[in-house]
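First the structure, in the form of structure tokens, and then the observations on it.
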Amino acid sequence: ETGVTQTPRHLVMGMTNKKSLKCEQHLGHNAMYWYKQSAKKPLELMFVYSLEERVENNSVPSRFSPECPNSSHLFLHLHTLQPEDSALYLCASSLAGGVTGELFFGEGSRLTVL
Amino acid sequence: QKEVEQNSGPLSVPEGAIASLNCTYSDRGSQSFFWYRQYSGKSPELIMSIYSNGDKEDGRFTAQLNKASQYVSLLIRDSQPSDSATYLCAVLGSASKIIFGSGTRLSIRP
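Chains as they are written, first to last, in the working numbering: chain A, 8 to 121; chain B, 750 to 859.
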């Protein structure tokens, strides 16, 4: 495996379900990110982890809960989501410990909330 | 005013011509600027970074930055059908936050 891998690629869940998105990077990077991409809207930064510490929580509702057990893995735990949370969720990583714009993205997890 | 603004397009350019994509930003303290390409159904891919005023060339791509006017542009020479994609401008602002524009959809017609 190379690059940034996300699973699952597609997820359909009801509003009362609990699910998790997983991201794994094989690039030796120190920072990992969760972005939300909705149609016709800019990429929205959700969370940033640098050296396994959360350094950014961009006013994201508590129904989204990130977890970064080590510098190679990042999770996004989902519970009691709303239909408007349906979007493409992108994981990214970067080399620098601080925030940088040189991001490497995974292929994304397409989430549909019914 | 949007923090990073791009024309959504679609921008239609004939094959072999120069495609010009523009982006303006509002944070005067921004220091780093990036262009990402996103094919339909795929994730964004970094294609250019630029940090100082002027031009930066990489193959058929040239990024141009003008901090005084707060704009950054991407030129694609000898456009190919494979260049058809959405191009995202991203700016690393003074608060160390990466802000993306909504993207410009580029279509190269044969």
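Glycine included, C-beta positions come from ideal geometry on N, C-alpha and C.
{"Asked": "C-beta atoms of Gln32/A and Val62/A nearer than 7 Å", "Found": "no"}
{"Asked": "Contacts of Ala839/B in chain A (Cβ-Cβ under 7 Å)", "Found": "Gly108"}
{"Asked": "Presumed contact (8 Å Cβ cut-off) between Ser798/B and Gly108/A, rounded CB distance", "Found": "7 Å"}
{"Asked": "Rounded C-alpha distance that separates Pro759/B from Ala766/B", "Found": "16 Å"}
{"Asked": "Cβ shell of Val840/B (< 6 Å), same chain only, five flanking positions each side left out", "Found": "Val753, Tyr774, Ser779, Phe782, Ile848"}
{"Asked": "Segment limits, beta strand (DSSP E) that includes Asn65/A", "Found": "Unbroken run through Asn65/A: none, as it is neither H nor E."}
{"Asked": "Contact list for Gly35/A against chain B, beta-carbon separation under 8 Å", "Found": "What Gly35/A touches in chain B: nothing, since even the nearest Cβ is about 17 Å away."}
{"Asked": "Residues of the stretch 811-843 of chain B with Cβ closer than 9 Å to any Cβ of chain A, in chain order", "Found": "Leu837, Ala839, Val840, Leu841"}
{"Asked": "Unbroken beta strand (DSSP E) run spanning Pro763/B, endpoints", "Found": "760-763"}
{"Asked": "Where Pro15/A falls: helix, strand or coil (DSSP)", "Found": "coil"}
{"Asked": "Straight-line Cα distance separating Pro793/B from Gln13/A", "Found": "14 Å"}
{"Asked": "Gly115/A burial status per 10 Å Cβ neighbour count (16 or more: buried)", "Found": "buried"}
{"Asked": "At least 3 beta-carbon pairs within less than 8 Å: the stretch 816-836 of chain B vs the stretch 79-99 of chain A", "Found": "no"}
{"Asked": "7 Å Cβ cutoff, Gly850/B in contact with chain A", "Found": "yes"}
{"Asked": "Gln813/B vs Ser822/B beta-carbon contact at 7 Å", "Found": "yes"}
{"Asked": "Near-chain B residues of the stretch 14-35 of chain A (beta-carbon distance less than 8 Å), N- to C-terminal order", "Found": "none"}
{"Asked": "Helix, strand or coil at Asp807/B according to DSSP, with G and I counted as helix", "Found": "strand"}
{"Asked": "Residue closest to Arg809/B, alpha-carbon to alpha-carbon, out of Ser769/B, Tyr800/B, Cys838/B", "Found": "Ser769/B"}
{"Asked": "Chain-ordered chain B contacts of Leu52/A [CB-CB under 9 Å]", "Found": "Lys846, Ile847, Ile848, Phe849"}
{"Asked": "Coil, strand or helix - Pro76/A by DSSP", "Found": "strand"}
{"Asked": "Secondary structure of Glu91/A, DSSP reduced to three states", "Found": "helix"}
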